[in-house]
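Residue numbers (the UniProt record's numbering): 1 to 226.
Even for Gly, the Cβ is constructed at its ideal location relative to N, Cα and C.
Here the structure is laid out as structure tokens; the discussion comes afterwards.
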């Protein structure tokens, strides 16, 4: 049976979360830019699912703040303004700085090795110019530090904020100067982890996230001005 003939019930993408995940990824990576319309009928046909999981997935994205749904316009990707980036990353910077400090305080050889492995893989992607691979490993490092902090309030708050912030982080890696600076900051963090400098790790990581927010705001401002 061809892909076009595959019944929705047999399609592995049929789940609501799968549809939501696909849409989130497209929004994060700019394939669905701000103000882009998401047409249920077209998406349903593309993914080979009924309109019900598409409709439910759109509700999840609306709750995330990634899209807006209105009676007349349907589903539209939300704006992401420069001021949104600055205020969002100010909070994320504090959370991630706290997480880095905590991880450095409780670090074990296994935790450090996991960080070393991810850091090395991220650098390989960077040197090869594979930006999507770099972004995925970079994100994994940030998420691992948050999870390893073992602070449930911090983890939950960060997860919620990052739903919006991930598309900003992706914008930032498209800026060559910021990309080089970010890699240096990751190197600095690894040095702090290796030497057990918890306060230094917090300072480096908080600054790293503030720089990201500033870059995102500048990119958005430039786009708005063009």
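ask   = Going by other Cβ atoms of all chains shown within 10 Å of its Cβ, with 16 needed for buried, is residue 246 buried or exposed?
value = No answer is possible for residue 246: the residues shown for the chain start at 1 and end at 226.
key: Distance, residue 162 Cα to residue 52 Cα   = 27 Å
ask   = Count the other CB atoms within 10 Å of the CB of residue 206; is the residue buried (16 or more) or exposed (fewer)?
value = buried
query = So, are the CB atoms of residue 172 and residue 108 less than 8 Å apart?
reply = no
request  = Specify the secondary structure class of residue 133 as computed by DSSP and reduced to three states.
outcome  = helix
query = Counting Cβ pairs closer than 8 Å, one from the stretch 112-125 and one from the stretch 181-194, do we hit at least three?
reply = yes
inquiry  = DSSP three-state label for residue 195, please.
reply    = helix
inquiry  = Report the CB separation of residue 23 from residue 61 in whole angstroms; it is logged as a contact under 8 Å.
reply    = 6 Å
query = residue 144: which of 116, 203, 19 sits nearest, CA to CA?
reply = 116
ask   = Alpha carbon to alpha carbon, what distance is there between residue 209 and residue 79?
value = 21 Å
query = Which one of 37, 99, 142 has the shortest CA to CA distance from residue 199?
reply = 99
ask   = Do you know offhand how far residue 158's Cα is from residue 151's?
value = 11 Å
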